[in-house]
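For reference, the structure discussed in these notes is given below.
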Amino acid sequence: MQSSTRWCMNRLLGVWLGVLLLAGCGRSGGASGEQGMRASSLGEARAPARIATGGSHSLSVHQDGTVWAVGGNSVGQLGDGTTSLRRVPVRVLGLSGVVTVAAGGGHSLAVSADGTVWAWGNNSSGQLGDGSFDNRAEPVRVRGLSGVVAVAAGGYHSLAVSADGTVWAWGNNSSGQLGDGSFDNRAEPVRVRGSSGVVAVAAGGAHSLAVRSDGILWAWGDNLYGQLGNKGEFNSSEPVQVLRVTGGVSVSAGANHSLAVSADGTVWAWGDNSYGQLGIARTTPLLSIPGRVPEVRGSVAMAAGDNHSLAVSADGTVWAWGSNGHGQLGNGFMVDNSEPGRVPGLEGVGAVAAGSSHSLAVRDDGTVWAWGSNVEGQRGDGTTGQLSAPTRVPGVSGVVGVAANVFHSLAVSADGSAWAWGHNSHGELGDGSTRNSLAPVRVGGLKEVVAVAAGSSHSLALLAEGTVLAWGDNTFGQLGDGTRASHSVPAQVRGLRGVVAVAAGSSHSLALLADGTVWTWGYNLNGQLGDGTTTYRYEPVAVKGLQGVVAVAAGGNHSLAVRSDGTAWAWGENVKGQLGDGTLTSRPAPVEVKAAGKAVAAALGLSLAVGSDGFPWAWGNNSSGQLGDGSTISRPVPMRVQGTGEVVAVAAGNGHSLALSPEGGVWAWGQNTRGQLGEGTLDRRLAPTRVQGLSGVVAVAAGGAFSLAVRDDGSVWSWGDNAFGQLGNAPPVYATFVVRSLLE
């Protein structure tokens, strides 16, 4: 009969396919686990779910069949090979050709075009279906399944629908939610008893729902709150028929409540009503048989979160009701509401998904919108608040230099102290903790600092005496202390004296000595240490054959240097032409760049230089227009950036570029999704545009998707992404209004 699926639907480019297959998902904490996804169909064709929400994470399938994930990752549910929280989407490893996804309490599922199912994340109850109970931070194939057309993920169990209409289940079965007649957990799929002709499924905290082709609904598992809809009081380990609803086309399951849409657009709800999630007054604590949700008519899709509900009307508007403690109803308030209300500012929506306490919607134009909790970055908008024009960073003054990388910022004050703010899970703020900071904190114990550098998750400081201190992530030896142990307070880099400049890449570090030699340490898979090898180094080694160097820079996985004769040199990764030697071949030792320069800057796949003519030059990755040549064509040889005039400094972000003019103005170009260009919009710029409201600037720095500037009065100004507080401000972690997500 039934099985669980997670469908989410997309009316691609506003084309009504005559069918809307939609999925949403929710999650429940504690023993009950998280919710599941839902599917809705209005016809024969079904559009699979392109977005999915879990307890604290979100998934998206891109047009190219790759899967992207964002949010909580404590058990590997993002599938990027780590357990690190992500506030901006990361690609799930090893998956392509994916047609639909589902997100559970702490695990994720994907169906490939060949009908195979892949799973990753929490596996404590066997919910990954690979025959084990081991968590997986990368996708593994679910055993024994083929020809699958839909999946659903609950709190700790999973469902799949095969093309023949049978339903398969695996994982936790303490309430009978696998529907195989037992209460035994299963680490491999088992067939749900009697299942046939199923077209849609959903998985809740500990119950399951299915829609058959004849429009009859079936349910099994936990029934403590009446969520099976059969007027019963007991759990069921086999499917039972849901009462009252006929002509069903889609179902959705929350932590302890259930939703369905019938062919006439009526929304039905049953189960727990503690937060008003059934759309009726909370004086009725539960319904054990389905009731019509008032005020909502003509629905084409819906989704159940842990304790809130969403519905999409035929006119493309979104309605929400239930729990709202995190703004998940999107109405500008944080008060529970048992009466469905329209989510303001949203039109043309074709699909919704509901997580534990956040919500997602897909519009006809393919954009994804999010609201609600963002404690673990699950909204996927890359920020806890964004600013597209400069704002002053409070708490620091007399600043003489700044540095930035993906999620944290550093500053040096005139008194020799160092300050840091933003992301801190690896101790990269150097204050002895691993707590993120939305405002600057002083880096512990540092005095006489003259320069700082920020890697992806590590930091460097150069002291006036010529020694270097490092702190933060040390997985690849990027702290240079001879170990791989991370630390949250500064420690001296071994063996370096007479240092005059430092630079930090994603996971490698550089130091320029007064004698003109360059020393490097850390990650070296791409040859970015320049010692002729690809061996990681936990202590500094000399770059091969380089002397007379006057400036250095570090990109994500490549390095740059300028010699006193004006020649520029590069080494490391070169897949985007960032070495500027006219090839795409990576180099473990320096090669000459086909341009002369006075200063250099580098980021992920991008290189910039102030040329000997005083103008900015750029080469490498140009996917976001960061080369400033009016195109998005990557270049393996340097090209002069047009439209800025002469400049005195450049800075490279992960998708945008900055240049400082002699009179103290700032130019910016490239990616602008987080407002990192500071010109008041979120529009990408393929040629330089002037940063608004800034003058008297003496130094600039570019982070992953944010920017910093120091004015001649010592004040620091910032703009762009603020996911971890890297702008030095303190916005909320919730959005009670709709914001655009990066998951699309």
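Each residue of the sequence shown is one higher than the one before, counting from 1 in the UniProt record's numbering.
Quick reminder that beta carbons are idealized off the backbone N, C-alpha and C, glycines included.
With respect to the 8 Å criterion, SER252 and ALA304 are classified as neighbours on the basis of their beta carbons. A direct Cα-to-Cα measurement between SER237 and ASN337 gives close to 33 Å.
Per the Cβ contact rule, the stretch 651 to 666 is in contact with the stretch 599 to 608 (3 or more Cβ pairs under 8 Å). Of the candidates GLU573, GLY271, SER158, THR517, THR517 places its Cα closest to the Cα of ARG563. With contacts defined by Cβ atoms closer than 8 Å, ARG244 and PRO290 form a contacting pair. Distance from the Cα of GLY620 is smallest, within the candidate group ARG342, GLY372, ALA570, ASN173, for ALA570. For the stretch 146 to 199, the full-length beta strand (DSSP E) segments reaching 3 residues or more read 148 to 153, 157 to 162, 167 to 171, 186 to 191 along the chain.
If you draw a straight line from the Cα of GLN528 to the Cα of GLU465, it is about 27 Å long. The DSSP-derived three-state label of ARG212 is strand. Contact between SER661 and TRP669 does not hold, since the beta-carbon distance rounds to 14 Å and is not under 8 Å. In summary, VAL412 is buried, with 16 or more beta-carbon neighbours lying within 10 Å of its beta-carbon over all protein chains present.
Taking C-beta separations shorter than 6 Å and ignoring five residues to either side along the sequence, the partners of GLY398 in its chain run SER413, ALA414, GLY714, following chain order. For PHE234, no beta strand (DSSP E) encloses it, and the DSSP letter there is neither H nor E. Burial state of GLY221 is buried, judged by a 10 Å Cβ sphere holding 16 or more other Cβ atoms. In this structure GLY703 does not touch GLY664 by the C-beta definition: roughly 21 Å separates them, more than the 8 Å allowed.
Excluding residues up to 5 positions away in sequence, VAL99, THR100, VAL117, VAL148, VAL151 lie with their Cβ nearer than 6 Å to the Cβ of VAL111 in the same chain. Uninterrupted beta strand (DSSP E) stretches at least 3 residues long and entirely within the stretch 596 to 682 occur at 606 to 611, 616 to 620, 635 to 640, 649 to 652, 656 to 660, 666 to 670, given in chain order.
DSSP places GLN378 in the coil class of the three-state scheme, outside both helix and strand. Beta-bridge partners of ALA351 (DSSP): VAL362. One Cα belongs to PHE407, the other to GLY675, and the distance between them is close to 15 Å.
For ASN337, the enclosing beta strand (DSSP E) stretches over residues 337 to 342. The beta carbon of PRO590 sits closer than 8 Å to those of GLY530, VAL543, LYS544, GLY545, LEU546, ALA561, TRP569, ALA570, TRP571, all from its chain and outside the five residues before and after it, given in chain order. GLY480 is the residue among GLY498, GLY480, VAL499, GLY377 whose C-alpha sits nearest the C-alpha of PRO490.
Using a Cβ-Cβ distance cut-off of 8 Å, the stretch 126 to 145 and the stretch 192 to 208 are not in contact, since fewer than three pairs of beta carbons, one from each stretch, lie closer than that value. Assignment of beta-bridge partners to HIS426 by DSSP yields no partner. At least 8 Å separates the beta-carbon of VAL449 from that of ALA403.
For GLY427 against ASN436, the beta-carbon gap comes to about 11 Å, at or over 8 Å, which does not count as contact. A residue is called buried once 16 or more other Cβ atoms fall within 10 Å of its Cβ, and ASP683, having fewer, is exposed.
If you ignore the 5 residues before and after ALA485, its C-beta comes within less than 8 Å of the C-beta of ASN474, all in its own chain and listed in chain order.
With contacts defined by Cβ atoms closer than 8 Å, LEU460 and ALA453 form a contacting pair. Its chain contains HIS326, GLN328, GLY372, SER373 as the residues whose beta carbon lies nearer than 6 Å to that of SER357, once the 5 sequence neighbours on both sides are disregarded; these appear in chain order. Taking C-beta atoms as the reference points, PRO89 and TRP120 fail to come closer than 8 Å. When DSSP reads this structure, VAL140 sits in a beta bridge with ALA119.
Annotation for ASP134: no beta strand (DSSP E) segment contains it, and DSSP assigns it neither H nor E. Using a 10 angstroms sphere on the CB of SER695, the tally of other CB atoms stays under 16, which defines it as exposed. Taken through DSSP and simplified to helix, strand or coil, GLU592 comes out as strand.
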